[in-house]
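Numbering (the working numbering), first residue to last: 195 to 299.
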(Lines of atoms letter the chains of each structure in order from A and count residues from 1; the text may use other names and numbers.)
(Lines give C-alpha, C1' and ligand atoms only; values in the text may rest on other atoms or scores of the structure.)
Protein backbone atom coordinates (compact mmCIF):
# COMPACT_ATOMS: atom_id res chain seq x y z
CA UNK A 1 0.00 0.00 0.00
CA UNK A 2 1.26 3.46 -0.85
CA UNK A 3 0.51 5.58 2.26
CA UNK A 4 0.79 8.86 0.36
CA UNK A 5 -1.73 7.80 -2.26
CA UNK A 6 -4.10 6.46 0.42
CA UNK A 7 -3.84 9.73 2.38
CA UNK A 8 -4.52 11.93 -0.66
CA UNK A 9 -7.45 9.72 -1.73
CA UNK A 10 -8.89 9.87 1.80
CA UNK A 11 -8.54 13.68 1.90
CA UNK A 12 -10.35 13.88 -1.44
CA UNK A 13 -13.18 11.65 -0.18
CA UNK A 14 -12.27 8.78 -2.52
CA UNK A 15 -12.22 5.16 -1.46
CA UNK A 16 -8.87 3.61 -0.66
CA UNK A 17 -7.90 0.73 -2.96
CA UNK A 18 -6.52 -1.31 -0.06
CA UNK A 19 -8.53 -2.75 2.79
CA UNK A 20 -6.75 -2.09 6.07
CA UNK A 21 -7.01 -4.67 8.82
CA UNK A 22 -5.39 -4.29 12.20
CA UNK A 23 -2.69 -6.77 13.07
CA UNK A 24 -0.33 -7.30 15.97
CA UNK A 25 2.09 -4.62 14.81
CA UNK A 26 1.44 -0.91 14.55
CA UNK A 27 2.76 1.32 11.80
CA UNK A 28 3.43 5.02 11.49
CA UNK A 29 4.64 7.19 8.67
CA UNK A 30 6.29 10.53 8.33
CA UNK A 31 6.93 12.85 5.42
CA UNK A 32 10.13 14.90 5.63
CA UNK A 33 9.64 18.34 4.02
CA UNK A 34 12.33 20.36 2.26
CA UNK A 35 14.01 23.39 3.75
CA UNK A 36 14.67 26.60 1.81
CA UNK A 37 18.02 25.56 0.37
CA UNK A 38 19.62 23.35 -2.27
CA UNK A 39 19.52 19.63 -1.65
CA UNK A 40 22.94 18.59 -2.95
CA UNK A 41 22.55 14.88 -2.31
CA UNK A 42 21.36 12.08 -0.10
CA UNK A 43 23.92 9.79 1.55
CA UNK A 44 23.58 6.02 1.18
CA UNK A 45 21.53 4.52 3.98
CA UNK A 46 20.90 1.06 5.33
CA UNK A 47 17.64 1.71 7.17
CA UNK A 48 17.17 0.20 10.62
CA UNK A 49 15.15 -3.05 10.66
CA UNK A 50 12.04 -1.28 11.97
CA UNK A 51 11.83 0.84 8.78
CA UNK A 52 9.37 -0.90 6.46
CA UNK A 53 9.44 1.69 3.67
CA UNK A 54 11.98 4.41 2.85
CA UNK A 55 11.42 6.37 -0.33
CA UNK A 56 13.26 9.39 -1.75
CA UNK A 57 10.77 11.65 -3.54
CA UNK A 58 13.11 14.05 -5.37
CA UNK A 59 16.12 14.11 -7.68
CA UNK A 60 19.39 15.69 -6.55
CA UNK A 61 20.62 18.35 -6.81
CA UNK A 62 17.46 20.41 -6.43
CA UNK A 63 16.73 23.86 -5.10
CA UNK A 64 13.79 24.35 -2.74
CA UNK A 65 12.20 27.58 -1.60
CA UNK A 66 10.56 25.85 1.38
CA UNK A 67 7.30 24.04 1.87
CA UNK A 68 4.49 25.00 -0.49
CA UNK A 69 0.71 24.54 -0.22
CA UNK A 70 0.88 21.47 -2.46
CA UNK A 71 2.42 19.24 0.24
CA UNK A 72 6.06 19.08 -0.78
CA UNK A 73 8.21 16.45 0.86
CA UNK A 74 11.49 14.78 0.01
CA UNK A 75 11.46 11.59 2.08
CA UNK A 76 8.66 9.19 2.95
CA UNK A 77 9.27 6.72 5.79
CA UNK A 78 7.05 3.98 7.28
CA UNK A 79 8.07 2.32 10.56
CA UNK A 80 6.62 -0.54 12.59
CA UNK A 81 6.43 -1.20 16.30
CA UNK A 82 4.60 -3.18 18.95
CA UNK A 83 3.02 -0.19 20.75
CA UNK A 84 2.26 3.40 19.81
CA UNK A 85 5.03 4.86 22.01
CA UNK A 86 7.57 2.70 20.19
CA UNK A 87 6.26 3.81 16.79
CA UNK A 88 6.40 7.47 17.88
CA UNK A 89 9.97 7.08 19.14
CA UNK A 90 11.03 5.37 15.91
CA UNK A 91 9.50 8.13 13.81
CA UNK A 92 11.61 10.59 15.81
CA UNK A 93 14.68 8.48 15.07
CA UNK A 94 13.84 8.73 11.37
CA UNK A 95 13.81 12.53 11.62
CA UNK A 96 17.33 12.34 13.07
CA UNK A 97 18.38 9.93 10.30
CA UNK A 98 17.04 12.40 7.71
CA UNK A 99 19.11 15.19 9.28
CA UNK A 100 22.18 12.97 8.85
CA UNK A 101 21.66 11.72 5.28
CA UNK A 102 20.30 14.88 3.63
CA UNK A 103 23.13 17.07 2.35
CA UNK A 104 22.07 20.72 2.10
CA UNK A 105 24.06 23.62 0.63
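From the three backbone atoms N, C-alpha and C, an ideal C-beta is built for every residue, glycine too.
The alpha-carbon separation between residue 239 and residue 209 amounts to approximately 34 Å. Taking 3 residues as the minimum length, the beta strand (DSSP E) runs contained wholly in the stretch 244 to 274 are 245 to 250 and 256 to 258, in order along the chain. Around the beta-carbon of residue 222, 16 or more other beta-carbon atoms lie within 10 Å, marking it buried.
Nearest neighbour of residue 255 by Cα position, chosen from 297, 206, 245 and 267, turns out to be 297.
The distance from the Cβ of residue 271 to that of residue 245 is about 6 Å, consistent with a contact at the 8 Å cut-off. Counted as a single uninterrupted DSSP element, the stretch harbouring residue 276 is not any alpha helix (DSSP H), since DSSP gives it neither H nor E.
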